[in-house]
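K.L.:
Have a look at this one.
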Amino acid sequence: MKTRRGGAGAGAAAGGEGGLLCLLCVVLSCLHVLHAQENQVVFSLGTFQNVSVPVNGSVQAVVSRIPAEVAFITLQFHTQHRNATLSFRSVPVYGSSLTAVDSGLLFPLLSSQSSLSCYLLAPDGDPVAGTGVLLPYTSTDPVPGACNLEFPLENDPNIYLRYNLFETVIRFAPANIGHARDVSPPACDVDTGFSTRWRLEYDVYQYFLPENDLSEQSLISGIERVASVSSMVENGRKLMTLSSKDHTELSFNSIPGQGVIYSIVVRDPVSNTSASYIPVHTYACSFASVLDGCTTLGRISTKVFFTITGLAGLFVCFLGHRFFKCELFCMGFAFGAFFFFVLITRTTTLDYNIRLTLTAVIGVVGGVILVMTWWRFGSVMACVVVVGLILGFLVSSIVFFTPLGDLAVFRNDVVFWVTFSCIVLIVPLFFIRWPREGNITTCGVVGAYTVVLAVNAYTYTSLSYITLDILKRFLNNNFSRAFISVPLQNIDFVMITVWVVLAVSGIVVQLYRERSRPFFPPSPYVMWRQERERRKTNVLDPSHHTPSFPARLLACARQLTRHTEPAGERTPLLL
Numbered sequence: 089m090k091t092r093r094g095g096a097g098a099g100a101a102a103g104g105e106g107g108l109l110c111l112l113c114v115v116l117s118c119l120h121v122l123h124a125q126e127n128q129v130v131f132s133l134g135t136f137q138n139v140s141v142p143v144n145g146s147v148q149a150v151v152s153r154i155p156a157e158v159a160f161i162t163l164q165f166h167t168q169h170r171n172a173t174l175s176f177r178s179v180p181v182y183g184s185s186l187t188a189v190d191s192g193l194l195f196p197l198l199s200s201q202s203s204l205s206c207y208l209l210a211p212d213g214d215p216v217a218g219t220g221v222l223l224p225y226t227s228t229d230p231v232p233g234a235c236n237l238e239f240p241l242e243n244d245p246n247i248y249l250r251y252n253l254f255e256t257v258i259r260f261a262p263a264n265i266g267h268a269r270d271v272s273p274p275a276c277d278v279d280t281g282f283s284t285r286w287r288l289e290y291d292v293y294q295y296f297l298p299e300n301d302l303s304e305q306s307l308i309s310g311i312e313r314v315a316s317v318s319s320m321v322e323n324g325r326k327l328m329t330l331s332s333k334d335h336t337e338l339s340f341n342s343i344p345g346q347g348v349i350y351s352i353v354v355r356d357p358v359s360n361t362s363a364s365y366i367p368v369h370t371y372a373c374s375f376a377s378v379l380d381g382c383t384t385l386g387r388i389s390t391k392v393f394f395t396i397t398g399l400a401g402l403f404v405c406f407l408g409h410r411f412f413k414c415e416l417f418c419m420g421f422a423f424g425a426f427f428f429f430v431l432i433t434r435t436t437t438l439d440y441n442i443r444l445t446l447t448a449v450i451g452v453v454g455g456v457i458l459v460m461t462w463w464r465f466g467s468v469m470a471c472v473v474v475v476g477l478i479l480g481f482l483v484s485s486i487v488f489f490t491p492l493g494d495l496a497v498f499r500n501d502v503v504f505w506v507t508f509s510c511i512v513l514i515v516p517l518f519f520i521r522w523p524r525e526g527n528i529t530t531c532g533v534v535g536a537y538t539v540v541l542a543v544n545a546y547t548y549t550s551l552s553y554i555t556l557d558i559l560k561r562f563l564n565n566n567f568s569r570a571f572i573s574v575p576l577q578n579i580d581f582v583m584i585t586v587w588v589v590l591a592v593s594g595i596v597v598q599l600y601r602e603r604s605r606p607f608f609p610p611s612p613y614v615m616w617r618q619e620r621e622r623r624k625t626n627v628l629d630p631s632h633h634t635p636s637f638p639a640r641l642l643a644c645a646r647q648l649t650r651h652t653e654p655a656g657e658r659t660p661l662l663l
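Those letters in the sequence shown? Residues 89 to 663, by this note's numbering.
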C-alpha cells in the first residue's frame, strides 16, 4: 500500500510539473503573439502609413483584402536621410531585400492571394522613422523594373541615385508589359516587336521641395504629392520622355541644400496604362557631415568673399562710371578671379579655402593690371571691351539658364561653347558705338547681380546658378549631359525684383549724373606727358626755364660734394 501511495504521489508531482510547463508555454506564446502584434503594421492600399522601426528591430508590414483584379503591388518606404531595409523575409538576404533611403519592393500576386507581408528593418543601429504606401496595379499596367538585369532584386521598381557637387545621376531597370496572375511574364529581350516591352515609354518627372526647408515634414508632404502616377503627373514637372531603346541613366544638375524628388512613370501606349517607379529624393548634401553638411551649407570664407564682392558691386552699380579706376579694378578682379579659379581647380587638389584665397589674390592682381593698362596707355576702348566681355558672359549665362539650355543640341560641348562664345563676343560690339552707355549698363547689371550672389551666401536662391552652371561646365567634363533646370520659388522672384530695381536705378542715376561730363576721364599718365610736351615748347611758360628733375637732382648731389668757400674779402687792398 505504501508503495502504491508513493507511486501515486510521484505521478501527481509529475502531473503538476507538466501543468506548469504547459502554462509557461501558453504564457510565452501569448507574449510572443503580443510582441508580434506590437511590431506589426497594417497597411491599406493607397493609404500612407507612418512607421517607426526600433533599434536592431523589425516591423512586419501586412496588407489584406486585396481585390482579385489587382495583379501586382508595389510597396515604397521613404525616410529623410537614414537607411531602411525592406525585405521579403524576416532575415534579409541578398536578392530579396534592399537598403536605401527610398526603397521599394514589387509583389507579383498569385491567383488566390488576397494578402501579403514583408519586413522593415533598421540596419545602421539607429531607430528609423518614415512613411510608406502600397499601390495596386492591374494586369494591363506595365510592370516597373520587371526586366532587370543589373540590380539585386528580380523585379526592381527602384530608382538608384548618386550625386556629387556637379551632377545627380539616376538609374533604373527597364519595365515589362503587364500580365495576369499566375501567367508567365513576356520575355524581355527575345523579340523587339510592338507586342513586347520595347513599345513602352518612360516619362521622367521632377518635383522641387520648398526652398530652404530641410524638415522631415516637408519631405513627407512632397512624397505624398508625387507617389502615384496621377499625383506625379499633376504636381511634378515632366522633363523628358525616353523610349525603350534609350539609355536608362540620366544626369541632372546638383543643387546642394535644395530638396528634389525624381520619379519615372512607365507608359504602355497600346493599353493606355501606366505605372510608377519608386520616387527617390536628394538634397545633394549629407545630413551626417559636420562640416558643409545640409544644415551647415556655406563656408565662412565664402560668406566673407561674397559679402565684400556684393558691397563692391553695389558701389559699382551706382558710382562705377564716376569712379572709373575703381570700376576697372572691380571688373579686372572679376575677370582674373573667375578664370584663375577654373584653372587652379582643374589642375590642383588644393583645399577650397586655399583656392579661394589664391583666387582673391590673383583677382587683385587682375584688377591692378587693368587699371595700370588704362593709366599707362590711356586706351579706353581696350578696357571697355573687357568690361563688355563680362556683360556678355552674364547675358550668355542668362540665355542658357532658361529652358533653352536643356535642348539636346547643347549637350554637345562644341555646339554649346561655340554658341556661348558668340553671344559673349556680340555684346561688346555695341560698346564700340555707345561706349559710355554700354559701360554704365554693365555697371548696373553686373553690380546688381553681385548683390544677388552676396545674398545667396546666406540664403539659397536659384539665381546663383546662372553663373554657377557655367562654372560647373568649365570644371566638369561630364556636366554637359546634366539637365540644369532649377526651381523658381518665392525668394527667387523677390531676388529678381531686387536685381531689376537695382540695375535700372543704377543705370538711370549714372546716366543722369554723367550727362554733362566727358564720356570717360582722361588717363593721368597721358595728361602728364601732354603737360610735359607743352612745357618744352612754350617758352613763355615760367616752368620752361625750370631745370628738369634729373638736372635738379644732379645739382643737389654736386652741392653735397662741393667744398664750401669761406666768407670775407680775399683780394689785397689797394693802397
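Ideal Cβ placement from N, Cα and C applies to all residues, glycine included.
In this text the structure is predicted, and so the values were computed from the model without any measurement.
Could you round the C-beta distance between Ser364 and Leu253 to whole angstroms and report it? I think they count as a contact, below 8 Å.
P.N.:
Within the sequence shown, the letter at position 276 stands for residue 364. Within the sequence shown, the letter at position 165 stands for residue 253. Ser364 to Leu253, Cβ: 29 Å. No contact.
K.L.:
Less than 6 Å between C-beta atoms, sequence neighbours within five positions excluded: which residues of the same chain meet that for Ser140?
P.N.:
Locating residue 140 in the sequence shown gives position 52, counting from the first residue. So the qualifying residues of the chain are Ala217.
K.L.:
Going by beta-carbon coordinates alone, are Ala376 and Pro344 separated by less than 8 Å?
P.N.:
Position 288 of the sequence shown holds residue 376. Position 256 of the sequence shown holds residue 344. Their beta carbons are not under 8 Å apart, which means Ala376 does not touch Pro344 by this criterion.
K.L.:
Asp494 and Ser552 - do their beta-carbons sit closer together than 8 Å?
P.N.:
Within the sequence shown, the letter at position 464 stands for residue 552. Within the sequence shown, the letter at position 406 stands for residue 494. Taking 8 Å as the Cβ cut-off, Ser552 and Asp494 do not qualify as a contacting pair.
K.L.:
Would Cys644 be called buried (16 or more neighbouring beta carbons within 10 Å of its own) or exposed?
P.N.:
If you number the sequence shown from 1, residue 644 lands on position 556. The residue in question, Cys644, is exposed, as its Cβ has fewer than 16 Cβ neighbours within 10 Å.
K.L.:
Going by Cα to Cα distance, which pick from Pro211, Ser362, Thr256 and Pro298 is closest to Val317?
P.N.:
Sequence index remark: in the sequence shown, residue 317 carries index 229 (1-based). The residue with the shortest Cα to Cα distance from Val317 is Ser362.
K.L.:
Across the region 205-217 and the region 172-183, are there enough close Cβ pairs to call them in contact, namely three or more that are closer than 8 Å?
P.N.:
Touching, yes, given that three or more Cβ pairs across the two stretches are closer than 8 Å.
K.L.:
Just to confirm before moving on: does the CB-CB distance between Pro367 and Gln577 stay below 8 Å?
P.N.:
Counting from 1 along the sequence shown, the entry for residue 367 is found at position 279. Counting from 1 along the sequence shown, the entry for residue 577 is found at position 489. No, Cβ-Cβ distance for Pro367 and Gln577 is not below 8 Å.
K.L.:
Give every residue of the same chain whose Cβ lies closer than 6 Å to the Cβ of Ala124, excluding the five residues on either side of it in the sequence, and list them in chain order.
P.N.:
Reading the sequence shown from its first residue, position 36 is the one you call residue 124. Residue confidence for Ala124 is low, a pLDDT of 39 falling below 50, so the modelled location carries little weight and cannot support an answer.
K.L.:
Three or more C-beta pairs under 8 Å: does that hold for the region 545-565 against the region 511-528?
P.N.:
Counting Cβ pairs under 8 Å, fewer than three are found: no touch.
K.L.:
Using 8 Å as the threshold, is the C-beta distance between Pro523 and Phe607 below it?
P.N.:
Locating residue 523 in the sequence shown gives position 435, counting from the first residue. Locating residue 607 in the sequence shown gives position 519, counting from the first residue. For Pro523 and Phe607, yes; Cβs fall inside 8 Å.
K.L.:
Residue ranges of each beta strand (DSSP E) run of no fewer than 3 residues wholly in the region 233-292, ordered along the chain?
P.N.:
Whole beta strand (DSSP E) segments, 3+ residues: 247-251 and 255-260.
K.L.:
Are the CB atoms of Trp587 and Ala536 nearer to each other than 8 Å?
P.N.:
By one-based count along the sequence shown, residue 587 stands at place 499. By one-based count along the sequence shown, residue 536 stands at place 448. Contact: yes.
K.L.:
Please state whether DSSP places Ala57 in a helix, a strand or coil.
P.N.:
The question about residue 57 has no answer, for the chain in this structure spans 89 to 663.
K.L.:
For Asn664, count neighbouring C-beta atoms within 10 Å of its own C-beta (all shown protein chains included) and say buried if the count is 16 or more, exposed if not.
P.N.:
Because residue 664 is not part of the residues shown, which for the chain are 89 to 663, the question remains open.
K.L.:
Among residues of its own chain, excluding the 5 on either side of Ile161, which ones have a beta-carbon nearer than 8 Å to its beta-carbon?
P.N.:
Your numbering for residue 161 matches position 73 in the sequence shown. Excluding sequence neighbours, Ile161 sits near Leu133, Val151, Ile154, Leu194, Phe195, Leu197, Leu204, Leu222, Leu223, Pro224 and Tyr225.
K.L.:
When you compare only the Cα positions, how much space is there between Thr135 and Cys531?
P.N.:
Here the question's residue 135 lines up with position 47 in the sequence shown. Here the question's residue 531 lines up with position 443 in the sequence shown. Distance between the alpha carbons of Thr135 and Cys531 is about 56 Å.
K.L.:
Tell me, please, which residues DSSP counts as bridged to Pro224.
P.N.:
Your numbering for residue 224 matches position 136 in the sequence shown. Looking at the DSSP assignment, Pro224 forms a beta bridge with Ile161.
K.L.:
Give me the Cα-Cα distance between Gln294 and Ser351, rounded to the nearest whole angstrom.
P.N.:
Indexing the sequence shown from 1 puts residue 294 at position 206. Indexing the sequence shown from 1 puts residue 351 at position 263. If you take the alpha carbons of Gln294 and Ser351, they lie about 7 Å apart.
K.L.:
With DSSP as the reference, label Thr530 as helix, strand or coil.
P.N.:
Sequence index remark: in the sequence shown, residue 530 carries index 442 (1-based). Helix.
K.L.:
Residues in its own chain within less than 7 Å of Ser199 by CB, not counting five upstream and five downstream?
P.N.:
For this step, residue 199 is matched to residue 111 along the sequence shown. Only Arg269 and Asp270 meet the Cβ criterion.
K.L.:
According to DSSP, simplified to helix, strand and coil, what is Ala46?
P.N.:
Outside the shown range of the chain, which is 89 to 663, sits residue 46, and nothing can be said about it.
K.L.:
Got a sec, what are the start and stop residues for the alpha helix (DSSP H) Thr370 sits in?
P.N.:
Indexing the sequence shown from 1 puts residue 370 at position 282. Counting along the chain, Thr370 falls outside any alpha helix (DSSP H), though it belongs to the beta strand (DSSP E) covering Val368 to Thr370.
K.L.:
Where does Ser146 sit, in a helix, a strand or coil, going by DSSP?
P.N.:
Taking the sequence shown and counting its residues from 1, the one referred to as residue 146 is at position 58. Three-state DSSP puts Ser146 in a strand.
K.L.:
Can you grab the Cα-Cα spacing for the pair Gly386 / Gly398, in whole Å?
P.N.:
Against the sequence shown, residue 386 aligns to sequence position 298. Against the sequence shown, residue 398 aligns to sequence position 310. Looking at the two C-alpha atoms, the distance is approximately 16 Å.
K.L.:
Put Cys373 into one of helix, strand or coil per three-state DSSP.
P.N.:
Counted from its first residue, the sequence shown places residue 373 at position 285. Note: Cys373 maps to coil in three-state DSSP.
K.L.:
Quick one, are the C-beta atoms of Glu289 and Ser331 less than 8 Å apart?
P.N.:
Here residue 289 corresponds to residue number 201 of the sequence shown, with the count starting at 1. Here residue 331 corresponds to residue number 243 of the sequence shown, with the count starting at 1. Contact flag set, yes.
K.L.:
I need the boundaries of the beta strand (DSSP E) containing Ala172, first residue and last residue.
P.N.:
One-based indexing of the sequence shown puts residue 172 at position 84. Unbroken beta strand (DSSP E) run through Ala172: Ala172 to Ser175.
K.L.:
Using 8 Å as the threshold, is the C-beta distance between Arg287 and Cys276 below it?
P.N.:
The residue you call residue 287 lines up with position 199 of the sequence shown. The residue you call residue 276 lines up with position 188 of the sequence shown. Contact flag unset, no.
K.L.:
Ordered along the chain, which non-local residues of its own chain (more than five positions away) have a Cβ less than 7 Å from that of Leu122?
P.N.:
The sequence position of residue 122 within the sequence shown is 34, counting from 1. With a pLDDT of 36 at Leu122, under the threshold of 50, the modelled position of that residue is not reliable, and no figure is offered here.
K.L.:
Ordered along the chain, which non-local residues of its own chain (more than five positions away) have a Cβ less than 6 Å from that of Gly455?
P.N.:
Here the question's residue 455 lines up with position 367 in the sequence shown. Taken in chain order, the residues that qualify are Phe417, Gly420 and Phe421.
K.L.:
Are there 16 or more other CB atoms within 10 angstroms of the CB of Pro215, so buried, or fewer, so exposed?
P.N.:
Residue 215 sits at position 127 when you count from the first residue of the sequence shown. With fewer than 16 other Cβ atoms within 10 Å, it is exposed.
K.L.:
Report all residues from its chain with a CB closer than 6 Å to the CB of Ala96; omit the five preceding and five following residues, and keep chain order.
P.N.:
As a first step, residue 96 must be located in the sequence shown, where it is residue number 8. Reliability of the predicted coordinates at Ala96 is poor, the pLDDT of 44 falling under 50, and the value obtained from them is presented with this limitation in mind. Hits under 6 Å: none found.
K.L.:
So Gly466 packs on Phe519, CB below 8 Å; how close in whole Å?
P.N.:
Counted from its first residue, the sequence shown places residue 466 at position 378. Counted from its first residue, the sequence shown places residue 519 at position 431. Not a contact, Cβ separation roughly 17 Å.
K.L.:
Buried or exposed: Phe282, going by 16 or more other Cβ atoms within 10 Å of its Cβ?
P.N.:
Stepping through the sequence shown from its first residue, residue 282 is reached at position 194. Under this definition Phe282 is an exposed residue.
K.L.:
Does the count of Cβ pairs from the region 479-498 and the region 440-454 closer than 8 Å reach three?
P.N.:
Segments in contact, no.
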